[in-house]
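Working notes for the structure below.
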Amino acid sequence: MTREELQAAITNLEPQVTFEEAGEFLNAVVPSELCRDLMQALHNMPDLSMDYMFCLTCVDWKTHLTMVYHLESTAHGHQVVIKSQLNRENPEIETLSDIWRTAELLEREVFDLFGVRFIHHPDLRRLLLTDEWEGWPMRKDYEDPINMIKL
Amino acid sequence: MEFSLASIADSIDQWLNAHCASWLALTIEFVIVGVLCIGLFAVLGLVLIMMERKVSAYMQLRLGPNRVGPKGMFQTVADTLKLLVKEGLTPAGADKFLFNLAPFVVMIASMLVLAPIAFAKDFVIWDVNIGVLYVSAVSSIGVIGILMAGWASNNKYSLLGAMRSGAQIVSYELSAGLSILTIVIFSQDMSISSIINSQQDGWWIFKGHIPVIISFVIFIIAVTAETNRAPFDLAEAESELTAGFHTEYSGMKFALFFLAEYVNIFIVCAIGATLYLGGWMPLHIGNWEAFNHIMDYIPSSVWFLGKTFFLIFVIMWFRWTFPRLRIDQLLNLEWKYLLPISMFNLLLATLVAIQGWYF
Amino acid sequence: MDVKEPGYQQQPFPGDVHPTATGGLLVSRLDDVINWARSNSLWPLVFGTSCCAIEMMSTASAKYDWSRFGFEVARATPRQADVIIIAGTIVNKMAPVLKRLYDQMADPKYVIAMGACATSGGPFFYNTYSVVKGADHVIPVDVYVAGCPPRPEALLHALITLQTKIQAGGKREKIVIEKFYDNQ
Amino acid sequence: MLSVNAYSIIFYLLAAFIIGNGVLAMTTRKIFRAAIFLLFSLIGVAGLYFWMHVEFVAAVQVIVYVGGIVVLIIFSIFLTQQTGKDMPRPTNTRMIFSALAAILGAALTYSLIRQYGFIGGSGDQFNVSPQRIGDQMLDYQDTGYALPFEVISILLLAAMIGCIVIALKSKPQES
Amino acid sequence: MGPASLLVLIMAAVAFSTAGILLSKVVLKASKNPVKGEPYECGVPTIGQNWVQFNVGYYLFALIFLIFDVELIFLYPWAVSVQRLGMFAFTEAVIFLFILFMGFLYAHKKGALKWM
Amino acid sequence: MLQEVAKTDTGDLVINVGPQHPSTHGVLHLVITLNGETIKKVEPHLGYIHRSIEKMCESLSYRQFIYSTSRMDYLSAHINNHGCALAVEKGLQIEVPQRAQVIRVLMDELTRLASHQLWWGALAMDVGAITPFFHAFRERELINDIMEETCGARLTMNYMVPGGVMFDLHPDFQKKVKDFLTLFKSKLPEYDELVTGNIIFQNRMKNVGYISKEDAISYGCSGPTARASGVSCDIRKKYPYDIYAQLQFSEAIETAGDCWGRYLVRMEEMRQSISIIEQLIDNIPEGDFVAKTKAVLKLPKGEFFTRVETARGELGIYIVSEGGLTPYRIKFRSPGFSNLSALDHMAKGQKIGDLVAIMGTLDLVIPDIDR
Amino acid sequence: MFLSKYISEVFGGVKSLLTGMRRTGYYFTHHKNIITQQYPNQKPVLAERFRGEVVMTHDENNEHACTGCTACELACPNGTIKIVTKFDITPEGKKKKAIDTFVYHLELCTMCNLCVDACPTGAITMSNSFEHSVFDRSELTKVLNKPGSKIREGVE
Amino acid sequence: MNNIGIEQILFISTALFFIGVYGLFTRRNMITMLMAVELILNSVNINFVSFNKYLYPERLDGVFFTIFIIAIAAAEAAVAIAIIINIYRNHQSIDVEDSEEMKY
Ligand code: SF4
Ligand code: SF4
Ligand code: SF4
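Protein chains in written order, with numbering that gives the first Met the number 0: chain A, 0 to 150; chain B, 0 to 358; chain C, 0 to 183; chain D, 0 to 174; chain E, 0 to 115; chain F, 0 to 370; chain G, 0 to 155; chain H, 0 to 103.
Structure representation (structure tokens):
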């Protein structure tokens, strides 16, 4: 599918989605409550069949966090980026780990580094850092005077 | 043949008996035997480990130890000395008694097997009349030492490794036993000396042709497995169980396991050489008197050691070539291939022996 | 904890002959022999955390072949190892593990810090939140070797350096580190 | 070839070894150790056979008991026990009564043996070569053991089938 | 030498091992720390108990091994005599082995020799 | 007492494999639940080499951050650097000279070869054959020598810079590469003799660690791991970068999905890499090896995503720029991370010995996973 | 049928094993394939581009080309280089910035070559030396400008 | 010291027998009970061999009996352990008192 068709199809699925113009992929921004339903549809719709999640990450914009999901269809070859904004104080979003199995570890990583809580995630624990670690190190305001020596 | 170990032993015996009371002479002889055995143990360990390192090095395009002493010959000496003065720790949670007993059991087992082995003509500690049976009996004590070590260490890897090697050793004892039987059938005796004497006119591997060769192959495979050598080294499979049953052992206690492993290799190869390649018996061909006579000039101990080291080399060759089997494949190999084959081979050998179809 | 027992430091340097009691003479010789054995039989623990481990493997490989020095008996368990070569970055989560491994080694034990990361945190010294700035914050290190990664010869050189240190009975101050390569 | 004294010293050593390990095997509260002491006791018995110059039986004893039964017992201990834990102590009364019964029984039997006063030979002419055993075992006359030889194979077959049937019985429910 | 040599060998082994183990105790003053005595499990504390029971199929092999082992000891005296006694002894062994082979086949068929 | 025992003992054994374990190729920590020798569950614990590279890159300039990526997947150091350089070039819209592109691809493929050689030796060592490891390093050392001569380092080269490469090729480069290729092609049959054909090895590999095509996609597997299950996912084919589009090579695909499939795919990839190098080695165009760039690079505001095929699979580099001197956020989508997540799926129901084989064929590089 | 498959399996397996053994046996007997370089005895052959450590080149007059512009310090990704500058009085009486100490933390350096690339005057280069083993890590912190060295005339 | 005769050997076997009996009485664990039984069987074997050797040195029947007893002991041990393990699987315990309601 071309970018336009994809855009139309997604709008069709979820009218609240907005699109960003720039970027090499189609960037769709979806409210966090609707994210899971949209994703489910993207994965299951036969003409979309976004079965390959090749990246899942989060960006801290100081005012809010943005979840970024990169999806691709191995059958059709089209890609899309879904973004979803979360508030910084209490970031929460539904898990996708049952749709894409790879999301389980990736979401744990995002939880570990950004503190985003994934609702219904089967096993949400720190992944990379020790269990006693405090704070979310990839956030922009993270300070750690002991471990972090600023250049 | 003026020079022979047997004559030296005899003269010592005579000299001692002539000069002291018989009980003293006996005690001294025992002490000499003990010291000799310890010496043999130590030397075997040093030589075999060095040999292993060099063999592996050459197969792997490297040089191997060459910097400690001339041509690296003292490398294992250094290792041994270091192990001697390294701490031998006992884990706090271990069953201390059994943990420390296990190396002794393993050592005693492999020391005991030395008794019936004929190192040269008439040079044997105790030519027991059930020779080969004795060997397979006593060597099975070693497995208890391994199980003990594995259990007493209070470590999961050790326990797993010990269980593995227990199952493996007992399984492969069967086919080793069956292939030994083949030779017993041909030579009609179990004692090592008469087995060797039955090869006066040719080694069994030549005389007994097909059934003996099959049993030889099975024997080599089985003893490789019994000594826990690659490709059957699951008990200490580094990549799976770190170091297997001796994970918690250090210093000299570990060295004893290590040493016993190598001495066991020597022993099984000595048995293999005795059964199939005539032990210390020189290469004799039927009744070619001249040829046989020439061969007799080589001392019998050289024959024995030569054959044994050849077999040891083969076993090392296996180790540095093959990947390791998985535990179920290992047991499959024994129960599905080696055991049935050796059972049929046994009958075949009997038939050949009874009908006199051998040379 | 301390690897270098004070008893050893008081022993004379190899070659010195004690003119006093025979006992003293014998002990000093025995000590030299022991140090010789220890230095020539350094069995490393298979411990590599990252990139430097690959160069450590290269050192074991045929071209560099640390078995020439008798180092090749890499043990998987710390109980049987003599030297732990810290090949790679130590991060905060790994530090307790490293400490534990070191503690579980049987005496005598030696440590080589291989590469920039193990010596000082190296490339990850600044602006990282999870890297230990040098393995010597965790365990005592005997020999440091810089480089990122040090080439296999450099690791061999570190091992030779460690050997000289052991042979001298731990008195590092007196030992001159010998260099074999000069690039002119 | 050994002097009489050494001969008997070895015997007493063996006796002490067998009985000592037997007692330990029956009284230790660690089950794995019990198996090991049992093993030593059995090895001691094998040593006794060697001492008596019945080498074949000694070897059979070692092969079957040490290499087989004890290994099997150890495996079953691994399988069924919390091997690190001590076994519960038997109650004192039971211990005392059992000990009394055993000691009294032993005393009685031994006194009977003393009374009977076996007049054995020195056993010197006793010769048990494998050839003799083999010949007699394969002999189908009255003195031979050909029939038991075959029957034992059936017994072993039965045992094997029995083991497999029993052991595999509860397998499916596990997995 | 007779069976007494076994005693000698045992004593030699014990002397050798004891000497080796004691030497390090004499020469080296080992350091102590609380972690040293703990079991080594790849550098992290162990999970759960170490002396756990073990649900493994090893024991089935041991069972069958035991049976075959007994068979083996009967074959030894047979092997010594068979060549002298000739065909009759051969048939006896054929029957003996055949019966056991049946058991082996049974075990194989029942999957007892398959890894659990 | 009866109930107590029944509750506490399920006959399961939980053991740790790693973080210090010879078969985890680094500091992966796996907590394995065993029933007998059969694996019931594998739970990876990561982070033992989490070096916070992503955070660090946020304070490094666009020229500087590339070096840190060679420390991630150090066996594909060039390819990582290549990906980063591509991302920066995408942002700055730099045209890379032809010569630089060819050099880059040559280096990538040499790296891939070296990485696969190491994998081959390490896999053989994991399943217990030690000699192949040394034979693999014999050839690998030759590549290292070539690298050292041209790039100045053996492992962490930092050779690719935005706009091209750091140095021109060494004059001996072509000859050395050709020598190496002839030698390596004569040694490949030896690899087969020693390992591929070996019956023990085949039995260790076949029907072990199976993963289906759907599962492989769902787990986000890429690279040889996914291709062994029949997923066509070679970025060099799908989204060709630099001059890959003009090259003749085929994507190695197997359908077996087990360790044996992964083994065959990697062996085939080695042959493909050889053919790529052969196509290029005589046709290196003349010209600049680096494009003229400003001394200080500033990416425009926006998001840039590049995907490259490392020896382990698809590496994604996601740069968010706010227009400053340093990236605002960088995320490395590492192939090993996703491949690792499939480990539990693959290892369930297999033996411990198989776990080693599975990890060996996944070819994990732990710093690549932890970053 | 079953039997023939069984037998061919056994023989195939044995043959594959023998092939492997032939290969290792070949190497065992052909020692010319050994590729070991005996490092301390044999000098290693290093490529001239090999990056072993950063050095500052000094000519025979003990002069270097570093102006103290700190470009290298800025280019270095991990703060390996610290430059302490001072002001020299030139013969003309003008004040001129020059380096006092050029501190180089070898223990931090990643041999990435970025500093050498950045240096406008080519004052620093990568050298081949690699034997950096020390007993004390503070010995790895080096001062690159030799004592008493001066900036070469004409370098700006 | 006297020469060792049959009496001393019989003393060992008696002692071993009653040690086994003691174990059989005090132990409540099937495996240890099995061990006790093995000890008892061994004492019998010692008797057979010694009678054979000292009283009827020209014959071999004692030896044969011993061998057959060992064989049967092995078979018995195998079956016993199979049963024990089976009981354990069903009852999670091999204490004899716990498995009185055994359904076999
Ligand atoms: S020093 Fe360099 S090569 Fe070594 S681990 Fe650290 S980053 Fe990797
Ligand atoms: S070395 Fe070069 S870049 Fe660094 S301060 Fe000196 S002149 Fe400037
Ligand atoms: S080589 Fe790299 S790390 Fe070393 S000083 Fe230069 S810029 Fe810094």
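Just so you know, even glycine gets a beta-carbon here, dropped at the ideal spot from N, CA and C.
For residue i, go through chain F and note every residue whose CB falls closer than 8 Å to its CB, in chain order.
i	result
B/Leu60	Phe133, His134, Arg137
C/Met93	Pro18, Val26, Tyr47, Ile48
Residues of chain B with CB under 7 Å from residue i, in chain order?
i	result
F/Ala123	Pro322
Starting from the beta carbon of residue i, find every residue of chain A whose beta carbon is closer than 8 Å, and list them in chain order.
i	result
F/Val319	Val58
DSSP beta-bridge partners for residue i?
i	result
A/Tyr51	A/Glu71
F/His28	F/His44
G/Ile88	G/Lys94
A/Ala27	A/Phe18, A/Ile81
B/Ile143	Paired residues: none, contrary to the question.
A/Leu64	A/Asp59, A/Leu85
F/Ile329	F/Ile318
Cβ of residue i within 7 Å of any heavy atom in ligand 5?
i	result
F/Gly322	This structure does not include ligand 5; its bound ligands are ligand 1, ligand 2 and ligand 3.
Could you list which residues in chain C have their beta carbon closer than 8 Å to that of residue i, in chain order?
i	result
F/Glu189	In chain order: nothing, as chain C lies at least about 14 Å away.
Name, please, each residue of chain G whose Cβ falls closer than 8 Å to the Cβ of residue i.
i	result
B/Tyr336	Val9
Run through chain E and tell me which residues come within less than 8 Å of residue i, C-beta to C-beta.
i	result
D/Leu41	Residues of chain E passing the Cβ test: none, with the nearest at roughly 14 Å.
Using the beta-carbon of each residue, which ones in chain E are nearer than 9 Å to residue i?
i	result
D/Leu71	Tyr58, Ala61, Leu62, Phe64, Leu65
Using the beta-carbon of each residue, which ones in chain D are nearer than 8 Å to residue i?
i	result
E/Gly19	Residues of chain D passing the Cβ test: none, with the nearest at roughly 22 Å.
Since residue i meets chain B, which of its residues come closer than 8 Å, beta carbon to beta carbon?
i	result
E/Glu37	Pro90, Ala91, Gly92
Can you name the residues of chain F whose CB is closer than 9 Å to the CB of residue i?
i	result
G/Ala122	Neighbours of G/Ala122 on chain F: none; closest Cβ ~17 Å, over 9 Å.
G/Phe49	Glu147, Glu148, Gly151, Ala152, Arg153
Can you pull the chain C neighbours of residue i, defined as C-beta to C-beta under 9 Å?
i	result
A/Lys149	Tyr125, Asn126
My guess is that residue i and residue j are in contact by the Cβ rule of under 8 Å, so how many angstroms apart are they, rounded?
i	j	result
C/Val96	F/Pro18	5 Å
For a minimum of 3 consecutive residues, which ranges assigned as the beta strand (DSSP E) are wholly contained in the segment 137-162 of chain C? 142-144
Residues of the segment 52-78 of chain E with a CB closer than 7 Å to any CB of chain C: list them in chain order, please. none
Report the residue ranges of all alpha helix (DSSP H) runs contained in full by the segment 84-124 of chain B; include only those spanning at least 4 residues, in chain order. 95-112
3-residue-minimum beta strand (DSSP E) runs that sit fully inside the segment 90-142 of chain G, ordered along the chain: 94-104, 123-126, 140-142
What are the residues in the segment 36-50 of chain A lying within 7 Å of chain F by C-beta distance? Asp50
In the segment 73-96 of chain G, which residues sit with their C-beta less than 7 Å from some C-beta in chain F, listed in chain order? Pro76
Length at least 3, wholly inside the segment 37-94 of chain C: the beta strand (DSSP E) runs in chain order: 82-86
Proximal residues, the segment 33-47 of chain H versus chain D, C-beta separation under 8 Å: Leu33, Met34, Ala35, Glu37, Leu38, Asn41, Asn44, Ile45
Below 8 Å between beta carbons is the criterion; list the residues of the segment 109-141 of chain C that meet it against any residue of chain F, in chain order. Pro122, Phe123, Tyr125, Asn126, Thr127, Tyr128, Ser129, Val130
Tell me which residues of the segment 150-170 of chain F have at least one Cβ-Cβ distance to chain C shorter than 7 Å, keeping chain order. Arg153, Leu154, Thr155
Got a sec: which bits of the segment 302-329 of chain F sit with their beta carbon under 7 Å from any beta carbon on chain C, in order along the chain? none
Quick one, which residues of the segment 79-104 of chain A are near chain F if we go by CB-CB under 9 Å, in chain order? Val80, Ile98, Trp99, Arg100, Thr101, Ala102, Glu103, Leu104
Along the segment 200-211 of chain F, what residues have a CB closer than 9 Å to any CB found in chain B? Phe200, Asn202, Arg203, Val207
When Cβ atoms are compared, which residues of the segment 249-269 of chain B fall closer than 8 Å to chain E? Gly250, Met251, Lys252, Ala254, Leu255
Quick one, which residues of the segment 75-104 of chain E are near chain D if we go by CB-CB under 9 Å, in chain order? Tyr75, Pro76, Trp77, Ala78, Val79, Ser80, Val81, Arg83, Leu84, Phe87, Ala88, Glu91, Ala92, Ile94, Phe95, Leu96, Phe97, Ile98, Leu99, Met101, Gly102, Phe103
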